[in-house]
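K.L.:
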Amino acid sequence: MSCRVGRVADRRPAVTDRSEWSISEPQKLNVDRPVERVRIAVVGGRVNVVGGERPHRDALLEVTAVEGPPPRVTWEDGTLTVGYEDLPWQDFLKLPGGRSERRVELSLAVPATARVRVDSVTALAVVSGVAGHTEVRGVTGDTTLVGLGGPVRAETVSGTVQAQSVAGDLRFKSVSGDLTVVDGRGGVVQAETVGGALVVDVADHGGPSEVTLRSVSGEIAVRLAEPVDAVVDAGSAGGPLSCDFEELEVAGQWGTKRVTGTLGAGRGRLRATTVSGPLALLRRPADEDADDTAHPTTLVKDA
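Numbering (full-length UniProt numbering), first residue to last: 1 to 303.
#1: By DSSP, does Glu105 sit in helix, in strand, or in coil?
#2: Please state whether DSSP places Glu85 in a helix, a strand or coil.
#3: So for Gln27, helix, strand or coil by DSSP?
#4: Could you say which of Gly149, Gly141 and Asp183 lies nearest to Val42 if we only look at CA atoms?
#5: Could you tell me whether the stretch 62-69 touches the stretch 116-128, where touching means 3 or more Cβ pairs closer than 8 Å?
#6: Give me the Cβ distance between Gly159 and Thr143, rounded to the nearest whole Å; I'm assuming they're in contact under 8 Å.
#7: Look up Gln253 in the DSSP assignment and say whether it is helix, strand or coil.
#8: Based on Cα-Cα distance, which residue from Gly51, Arg103, Thr273 and Asp201 lies nearest to Arg72?
#9: With a cut-off of 8 Å, do at least 3 Cβ pairs link the stretch 206-224 to the stretch 247-262?
#10: When the Cα atoms are used, what is the spatial distance from Pro208 to Asp229?
#11: Between Glu85 and Val116, is the Cβ-Cβ spacing less than 9 Å?
#12: Cα-Cα, which of Gly184, Gly266, Val189 and Gly277 is closest to Arg284?
#13: In the structure shown, what three-state DSSP assignment does Arg18 receive?
#14: Suppose you measure from the CA of Val216 to the CA of Pro55; what does that come to, to the nearest Å?
#15: Which of helix, strand or coil does DSSP assign to Ser215?
#16: Taking just the CA atoms, how far does Val194 sit from Ala237?
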C-alpha cells in the first residue's frame with residue numbers, strides 16, 4: 001500500500017515591507033521608497049507639500065521645527081504617513097489635554113502623481129504641483145492650494161481656503177470658513193458654507209463649467225470669463241443682488257431676488273443661492289491679464 005505525501009501549506013504570515021522613523025528634532029529625511037499616497041496628520045504649525053518630477057518616485061521630508069511629542073514617519077506599501085496617529089479626526093474639537101501643544105513645521109516633496117491628504121487643527125497648509133487626488137481637512141488653520149491638476153476636496157470649520165489655478169474638480173465645505181478661487185480652471189466647483197464668503201473666479205479653460213455655491217449668511221461673488229457659456233440660476237432671499245450680464249433676467253425688488261437665463265450656448269451651469277448674504281455675478285474680460293486675477297473683484301451693492 002503506497003502513501004502519498006502532500007505539500008504542507010505555508011501558514012507563515014506575509015512579511016510587510018515597512019519603514020518607520022521618529023522625528024524629535026529638525027532634520028531632513030530622504031524616503032527612498034516609491035510614494036503613491038501621502039497622509040499628513042498634525043495639530044499646529046505649518047505644512048508644505050510640493051509635487052514635482054521625481055524620477056525614482058521617492059519623497060524628501062524636511063522638518064524645521066518640532067514642539068511636543070515627536071511625530072512619526074512611516075512608509076508601507078506605497079503610503080507615506082507623517083504626523084500623529086492618535087488624533088480624533090471624527091471630532092476635531094475634542095482634543096484631549098496636552099495635544100494642542102503639538103506643533104511641527106515641515107516641507108515634503110513628493111511625486112506629482114501622488115494622492116495627498118492633509119489633516120490639521122490649527123496648522124497652516126500649502127499644497128502645490130500635485131496632479132493626483134488632494135484632500136485637506138482642518139479646523140481653524142488656513143489652506144492654500146496652487147496648481148493642482150487632480151480632484152480636490154477641502155473641509156474646514158472656520159479656516160479659509162485659497163485655490164489658485166486649480167484644474168481639477170473642487171469641492172469645499174465649511175461652517176464659517178471662506179473660499180477664494182482665483183483663475184479656476186476645473187470643470188466642477190461645488191462649495192457650501194454657513195457663514196463664510198464664497199468668491200469664485202472662473203477662467204476660460206476650453207470647456208463648460210458646473211458651479212454650485214450655497215451659503216446661509218455669507219456673501220457670494222462669481223466672476224465668469226468671456227465667452228461665457230452657461231445656464232444661470234442664482235438668488236438671494238434677503239441680501240442685495242448685482243449682475244453684470246444684461247442678457248440675464250433679474251426678478252424681485254424687495255426680499256427674494258433671482259437672476260436667471262442662458263449665456264452663450266448654455267453648455268455649463270451656474271447655481272448660486274444665499275439666504276441673507278449679498279450675491280454678485282461679475283464679468284471677467286477675455287483679454288484680462290492673468291496677474292489681475294490675484295485681486296478678485298469684491299462684491300458691490302445694488303444701487
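The C-beta atom is built at its ideal place from N, Cα and C for all residues, glycine as well.
P.N.:
In terms of the structure at hand:
#1: By one-based count along the sequence shown, residue 105 stands at place 105. Glu105: strand per DSSP, three-state reduction.
#2: Position 85 of the sequence shown holds residue 85. Reduced to three states, the DSSP call for Glu85 is coil.
#3: Within the sequence shown, residue 27 is the residue found at index 27, counting from 1. DSSP places Gln27 in strand when its eight states are reduced to three.
#4: Start at 1 with the first residue of the sequence shown, and residue 42 comes out as number 42. Minimum Cα distance to Val42 is reached at Gly141.
#5: no
#6: By 1-based counting over the sequence shown, the position of residue 159 is 159. By 1-based counting over the sequence shown, the position of residue 143 is 143. Contact holds; Cβ gap of about 6 Å.
#7: Within the sequence shown, residue 253 is the residue found at index 253, counting from 1. Coil at Gln253, not helix or strand.
#8: Locating residue 72 in the sequence shown gives position 72, counting from the first residue. The residue with the shortest Cα to Cα distance from Arg72 is Arg103.
#9: no
#10: Position 208 of the sequence shown holds residue 208. Position 229 of the sequence shown holds residue 229. Taking the straight line joining both Cα atoms gives about 7 Å.
#11: If you number the sequence shown from 1, residue 85 lands on position 85. If you number the sequence shown from 1, residue 116 lands on position 116. No. Outside cutoff.
#12: As a working mapping, residue 284 is identified with position 284 in the sequence shown. Of the listed residues, the one whose Cα sits closest to Arg284 is Gly184.
#13: As a working note, residue 18 is residue 18 in the sequence shown. Here Arg18 sits in strand by DSSP.
#14: Position 216 of the sequence shown, counted from the first residue, corresponds to residue 216. Position 55 of the sequence shown, counted from the first residue, corresponds to residue 55. Spanning the two alpha carbons is a distance of roughly 47 Å.
#15: Walking along the sequence shown from the start, residue 215 turns up at place 215. Strand.
#16: The sequence position of residue 237 within the sequence shown is 237, counting from 1. The sequence position of residue 194 within the sequence shown is 194, counting from 1. Those two C-alpha atoms are separated by around 14 Å.
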